[in-house]
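Peer 1:
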Amino acid sequence: MYPESIQKLIELLSKFPGIGPRQAARFAFFLFKENHGFVEELRTALKELQDRVAVCDVCFRTMEQEEGGQRLCSFCRDARRDRSLIAVVEKESDMSNMEKTGAYHGLYHVLSGVISPLDMDSPKKIRLRELYERAERMLVGGEPCEVILATNSTTEGDTTALYIERILSPLKDTHPSLKITRLGRGLSLGSELEYIDEITIKNALSNRK
Ligand SMILES: [Zn+2]
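Whatever position you read off the sequence shown (first residue = 1), add 65 for my numbering.
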């Protein structure tokens with residue numbers, strides 16, 4: 066019922082997390098009405114996102130694209146960080162929250178999603194194999210390794226944590242030095258790392274087991 070270009074835009078915008086067709090239509094008409102400058106700025110930002118943003122080869126955190134070589138983010142390159150600790154988070158904003166507390170000095174692993182009990186394919190969509198291989202590389206190299214499961218205290222976060230524990234268990238059998246801990250339950254049920262305060266995260270970190 067809308068012109069084809071607007072319909073297409075609505076379809077695309079509906080793919081954003083949490084955005085339904087009605088909101089997508091509002092956005093599309095906003096873009097249509099908004100002055101040329103805004104749309105141009107948005108176009109540039111999207112282009113830069115594609116051209117200039119990369120993910121770290123080790124932890125999958127986003128970073129500025131650099132020329133050649135292995136892509137390592139500033140955390141993975143920082144020699145002052147405790148390299149034996151890997152906090153596994155669902156998304157990058159969870160990492161930022163842990164970082165803000167100043168209580169954690171290890172490294173991260175960004176899964177880029179969670180396992181949903183309703184989506185059979187979801188384990189394949191997140192970076193589980195990369196986590197396994199990363200831990201394996203460390204252990205084979207004789208390095209100490211603690212995987213801290215810092216997924217949210219939601220059904221999906223808990224499912225993901227259990228799943229990770231399961232896939233890492235053969236590795237633990239061959240390398241008993243591997244530690245797998247879960248962020249302590251200072252976090253109330255259903256809470257997401259994104260919304261809780263620093264003190265709660267600090268407690269959860271010191272209560273991990
Ligand atoms: Zn990194």
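All C-beta atoms, glycine included, are put in the ideal place defined by N, C-alpha and C.
Could you spell out the range, first to last residue, of the beta strand (DSSP E) harbouring A152?
Peer 2: In the sequence shown, counting from the first residue as 1, residue 152 sits at position 87. A152 -> beta strand (DSSP E) spans D147 to V154.
Peer 1: When the Cα atoms are used, what is the spatial distance from S79 to Q72?
Peer 2: The residue labelled residue 79 in the question sits at position 14 within the sequence shown. The residue labelled residue 72 in the question sits at position 7 within the sequence shown. Those two C-alpha atoms are separated by around 11 Å.
Peer 1: Over what stretch of residues does the beta strand (DSSP E) that includes L172 continue unbroken?
Peer 2: Within the sequence shown, numbered from 1, the residue matching residue 172 stands at position 107. First-last of the beta strand (DSSP E) with L172: G171 to V175.
Peer 1: According to DSSP, simplified to helix, strand and coil, what is T224?
Peer 2: As a first step, residue 224 is located in the sequence shown; it is residue number 159 there, counting from the start. Helix at T224.
Peer 1: Measuring straight from C-alpha to C-alpha, what distance separates M185 and V179?
Peer 2: As a first step, residue 185 is located in the sequence shown; it is residue number 120 there, counting from the start. As a first step, residue 179 is located in the sequence shown; it is residue number 114 there, counting from the start. Straight-line Cα distance between these residues: approximately 12 Å.
Peer 1: Which value, in whole angstroms, describes the spacing of the CA atoms of Q130 and Y173?
Peer 2: Taking the first residue of the sequence shown as position 1, residue 130 is located at position 65. Taking the first residue of the sequence shown as position 1, residue 173 is located at position 108. Cα-Cα distance, rounded: 19 Å.
Peer 1: How do the segment 132-146 and the segment 186-194 stand: do at least 3 beta-carbon pairs fall below 8 Å, yes or no?
Peer 2: The segment 132-146, when compared against the segment 186-194, does not touch it at the 8 Å Cβ threshold.
Peer 1: Quick one: is A215 buried, meaning 16 or more other Cβ sit within 10 Å of its Cβ, or exposed?
Peer 2: Locating residue 215 in the sequence shown gives position 150, where the first residue counts as 1. By the 10 Å Cβ count, A215 comes out buried.
Peer 1: In chain order, what residues of the same chain lie with their CB nearer than 7 Å to the CB of G222, ignoring the 5 residues before and after it?
Peer 2: Taking the first residue of the sequence shown as position 1, residue 222 is located at position 157. Cβ neighbours of G222 beyond the five flanking positions: E155, V179 and T216.
Peer 1: Please return the same chain residues whose Cβ sits closer than 7 Å to the Cβ of V104, not counting the five positions on each side in sequence.
Peer 2: To locate residue 104, count along the sequence shown from 1; it is residue 39. Hits under 7 Å: L96.
Peer 1: CB-CB under 6 Å to T127, same chain, minus the five flanking residues each way: which ones, in chain order?
Peer 2: The residue you call residue 127 lines up with position 62 of the sequence shown. Correct list, in chain order: V118 and V120.
Peer 1: Below 8 Å between beta carbons: does that hold for Y169 and L233?
Peer 2: Counted from its first residue, the sequence shown places residue 169 at position 104. Counted from its first residue, the sequence shown places residue 233 at position 168. The answer is no: Cβ separation not under 8 Å.
Peer 1: Since L204 and S242 are thought to touch, with beta carbons under 8 Å apart, how far apart are those beta carbons, to the nearest angstrom?
Peer 2: Here the question's residue 204 lines up with position 139 in the sequence shown. Here the question's residue 242 lines up with position 177 in the sequence shown. Between S242 and L204 the Cβ distance is about 7 Å, and since that is below 8 Å, they are a contact.
Peer 1: When burial is assigned at 16 or more other CB atoms within 10 Å of the CB, is S161 buried or exposed?
Peer 2: The residue labelled residue 161 in the question sits at position 96 within the sequence shown. With fewer than 16 other Cβ atoms within 10 Å, it is exposed.
Peer 1: What span of residues does the beta strand (DSSP E) with R247 cover, start to end?
Peer 2: Residue numbering aside, residue 247 sits at position 182 when the sequence shown is read from its first letter. It spans K244 to R247 - the beta strand (DSSP E) in which R247 sits, taken as one unbroken run.
Peer 1: Whose CA, out of G83, R199 and T219, lies closest to the CA of L236?
Peer 2: By 1-based counting over the sequence shown, the position of residue 236 is 171. The shortest C-alpha separation from L236 is found at R199.
Peer 1: In whole angstroms, what separates the C-alpha of A226 from that of N100?
Peer 2: Locating residue 226 in the sequence shown gives position 161, where the first residue counts as 1. Locating residue 100 in the sequence shown gives position 35, where the first residue counts as 1. So the two alpha carbons sit approximately 46 Å from each other.
Peer 1: Excluding five sequence neighbours on each side, which residues of the same chain lie with their C-beta closer than 7 Å to the C-beta of E157?
Peer 2: For the purposes of this step, residue 157 is taken as the residue at position 92 of the sequence shown. So the list reads R126, T127 and V175, once near-sequence residues are dropped.
Peer 1: Within a Cβ cutoff of 8 Å, which residues of the same chain sit near Q135, ignoring the five residues on either side of it in sequence?
Peer 2: For the purposes of this step, residue 135 is taken as residue 70 along the sequence shown, with counting starting at 1. Excluding positions up to five away in sequence, the list reads D122.
Peer 1: How far does the alpha helix (DSSP H) with I75 in it extend, from its first residue to its last?
Peer 2: Counting from one through the sequence shown, the residue named residue 75 turns up at place 10. Element bounds for I75: E69 to L78.
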